[in-house]
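Going letter by letter, the sequence shown gives residues 5 to 348 in the working numbering.
See structure below.
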Amino acid sequence: MTSQDAFFAAVFEVSPVAIAIADERGHYVDVNPAYCAMFGYRRDELLGQSFRLILRPEDRHLEPLILQMALDNDQQAPNEWQVLARSGAVLTVRSSFRTLVSPEGDFRIVTALADVSALYQTIDRLRDSEHRLQLLNANLEHLVAERTAELATSNRELTDAVTKLEASRAHIEHLALHDPLTGLPNRTQLRHVLDEVLALPGQAFAVLFIDLDGFKPINDTHGHDAGDLTLIAIAHRLRETLPAECFVGRLGGDEFVAVLPQADAGTARAIGERLIQAVAEPIVMDDNGRECGLGASIGVALGPQHGRNRRALLTAADRAMYAAKRAGKGRVVIAGEDATASAA
5 MTSQDAFFAA
15 VFEVSPVAIA
25 IADERGHYVD
35 VNPAYCAMFG
45 YRRDELLGQS
55 FRLILRPEDR
65 HLEPLILQMA
75 LDNDQQAPNE
85 WQVLARSGAV
95 LTVRSSFRTL
105 VSPEGDFRIV
115 TALADVSALY
125 QTIDRLRDSE
135 HRLQLLNANL
145 EHLVAERTAE
155 LATSNRELTD
165 AVTKLEASRA
175 HIEHLALHDP
185 LTGLPNRTQL
195 RHVLDEVLAL
205 PGQAFAVLFI
215 DLDGFKPIND
225 THGHDAGDLT
235 LIAIAHRLRE
245 TLPAECFVGR
255 LGGDEFVAVL
265 PQADAGTARA
275 IGERLIQAVA
285 EPIVMDDNGR
295 ECGLGASIGV
305 ALGPQHGRNR
315 RALLTAADRA
325 MYAAKRAGKG
335 RVVIAGEDAT
345 ASAA
């Protein structure tokens with residue numbers, strides 16, 4: 005160990021700030037004594053555990069998103085959280101993090117935490133004091149007025165802090181269920197929607213697997229920024245073309261999925277053909293008026309005819325989409341039918 009390494013190791017050990025180092029999976033690699041003291045665990049109890057250990061039960065579904073924000077060094081991420089100590093006490097902490105890459109190529113997420121629970125407890129006590137001060141003798145009106153003014157400021161600060169915490173949580177939950185590029189629902193929300201539709205007894209519906217034709221050349225020729233703008237435009241067209249009661253989400257890349265409630269094969273085909281026409285409209289690439297053209301191939305699975313769970317339905321729709329590709333693209337193919345007879 006070099007003298008510099010020894011210096012930083014000593015700082016890590018004696019720092020009053022709670023510091024944890026985790027790998028790319030969010031598992032603890034090292035923690036300092038202040039971190040152990042904050043949460044009530046010994047170091048050997050934490051090493052190898054996931055940081056999920058300190059999340060409240062109602063926040064644990066956000067674990068993948070929090071980890072991704074840390075790996076991305078997202079400085080717009082919320083910096084105040086409520087976490088759980090071993091005793092069951094809920095702590096309000098302010099955090100800062102930085103993701104580093106070791107000489108061996110390993111990701112290391114360094115997180116520093118400061119416990120601000122006492123600050124909020126003090127503000128709560130000040131709020132309780134306001135009522136008592138209002139009951140003092142009229143001779144203390146001047147003192148009451150001054151104290152009330154101070155407490156009003158504290159109340160505003162507390163309200164602002166709570167509002168920011170709630171806004172941060174709502175923002176994180178939105179990110180967990182939506183594609184950050186197009187704003188469409190993501191794969192996670194698609195699973196929820198399919199499960200809800202499948203749970204309705206006797207519900208007939210259709211799942212459309214939409215794959216863009218000709219998207220890769222746009223990325224290759226015009227660059228990824230142009231590709232992103234194209235995907236945003238296509239997402240808007242899909243949303244505008246589908247009836248209001250229908251769901252559309254992005255799986256990733258140039259793949260989208262729509263769910264049509266109370267739809268039979270004829271309805272699904274008609275809506276699919278309208279989507280193909282909407283996608284085919286030229287897209288203006290820049291201020292010089294350059295245009296690009298795309299197509300779409302769509303596979304349809306009918307529920308519950310082609311599957312009684314989401315995996316089976318998505319697989320059937322995906323296979324039908326590839327059948328549309330093989331048959332010449334730009335068409336709607338329903339699972340199990342002759343693709344060559346389905347030109348859009």
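Positions of the beta carbon are idealized from the N, C-alpha and C atoms, including for glycine.
Checking 9 Å against the spacing of the C-beta atoms, do residue i and residue j come in under that value?
i    : j    : result
A210 : V263 : yes
I23  : L117 : yes
C296 : I287 : yes
I338 : V283 : no
L104 : R112 : yes
N83  : S106 : no
A272 : V336 : yes
N190 : G253 : yes
V261 : F219 : no
R60  : Q86  : yes
G307 : L202 : yes
Could you tell me the distance, in whole angstroms, from the CA atom of residue i to the CA atom of residue j?
i    : j    : result
L242 : Y326 : 20 Å
G311 : L317 : 5 Å
D217 : G334 : 8 Å
G293 : A320 : 40 Å
Y45  : T186 : 42 Å
S91  : I127 : 23 Å
A328 : E277 : 12 Å
E244 : I236 : 12 Å
D199 : L255 : 16 Å
A384 : I58  : The chain is shown from 5 up to 348; residue 384 falls before or after that span and cannot be answered.
A348 : I280 : With a pLDDT of 43 at A348, under the threshold of 50, the modelled position of that residue is not reliable, and the figure given next carries that caveat. Going from the Cα of A348 to the Cα of I280 covers about 8 Å.
D120 : L188 : The sequence shown places Val at residue 120, not Asp. Computed Cα separation, rounded: 36 Å.
A26  : H182 : 27 Å
T225 : L298 : 14 Å
Y39  : T157 : 32 Å
P221 : D34  : 46 Å
R102 : A153 : 40 Å
A331 : G270 : 20 Å
Q193 : D229 : 26 Å
A247 : H240 : It is Pro, not Ala, that sits at residue 247 in the sequence shown. Rounded to the nearest angstrom, the two C-alpha atoms are 13 Å apart.
F251 : L75  : 31 Å
Please state the DSSP three-state secondary structure of residue i.
i    : result
T152 : helix
D224 : helix
E277 : helix
D27  : coil
D215 : strand
A327 : helix
A230 : helix
D9   : helix
L246 : coil
E341 : coil
R160 : helix
R46  : coil
E17  : helix
Among all the DSSP beta bridges, which residues are the ones paired with residue i?
i    : result
D268 : The partner list for D268 (beta bridge, DSSP) is empty, contrary to what the question assumes.
S54  : H31
R254 : F260
A41  : Paired residues: none, contrary to the question.
A210 : L264, L306
A22  : L117
* Asked: At which residue ranges does the region 58-136 contain complete alpha helix (DSSP H) runs of 4 or more residues, listed in the order of the chain?
  -> 67-75
* Hey, which unbroken runs of the alpha helix (DSSP H) at 4 residues or more fall wholly within the region 182-208? -> 191-202
* Every unbroken beta strand (DSSP E) inside the region 270-325 [3 residues or more] -> 299-307
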